[in-house]
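> Residue numbers (the UniProt record's numbering): 1 to 107. Using N, Cα and C, we set each Cβ at its ideal position, and we do this for glycine too. Keep in mind it's a predicted model, so treat the numbers as computed, not measured. Got a structure for you, written out below as structure tokens; questions coming shortly.
Laid out in structure tokens, this is it:
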């Protein structure tokens with residue numbers, strides 16, 4: 001706050017509120033060149049619930065080893081539905097469409 005106050009100078013008294021935000025458990029999928037291949041898959045996207053159940057069945061020791069259940073809000077299951085070949089064809093760079101078999105969260 002001290003740094004902010006110093007940078008604002010005489011405008012400090014005009015500030016009525018300060019908002020802070022953060023994002024975690026979001027998956028940003030990249031290609032081999034490091035280019036983004038689709039919009040980020042955020043924590044509240046639950047399309048990978050089936051993959052989570054499959055992961056729990058395939059690796060029952062996961063909870064003990066990782067300390068967490070496989071949950072749709074976490075990043076690893078999201079990568080399973082957003083990465084080939086499971087998700088089908090990924091969109092071309094920059095077109096913003098969801099991968100085949102996935103629906104966008106918003107229109």
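#1: Which residues bound the alpha helix (DSSP H) around residue 51?
#2: For a test of the three-state rule: what should DSSP assign to residue 62, helix, strand or coil?
#3: Determine the burial state of residue 38: buried for a count of at least 16 other Cβ atoms within 10 Å of its Cβ, exposed for fewer.
#4: According to the Cβ coordinates, are residue 56 and residue 70 closer than 8 Å?
#5: Could you give the DSSP three-state label for residue 76: helix, strand or coil?
Result, derived from the coordinates:
#1: Counting from 1 along the chain shown, the entry for residue 51 is found at position 51. That run of the alpha helix (DSSP H) goes 49-58.
#2: Position 62 of the chain shown, counted from the start, is the residue given in the question as residue 62. Judged by DSSP in its simplified three-state form, residue 62 adopts helix.
#3: Locating residue 38 in the chain shown gives position 38, counting from the first residue. So residue 38 ends up on the buried side.
#4: To locate residue 56, count along the chain shown from 1; it is residue 56. To locate residue 70, count along the chain shown from 1; it is residue 70. Yes, these two residues count as a Cβ contact at 8 Å.
#5: If you number the chain shown from 1, residue 76 lands on position 76. Looking at residue 76 - three-state DSSP - the assignment turns out to be helix.
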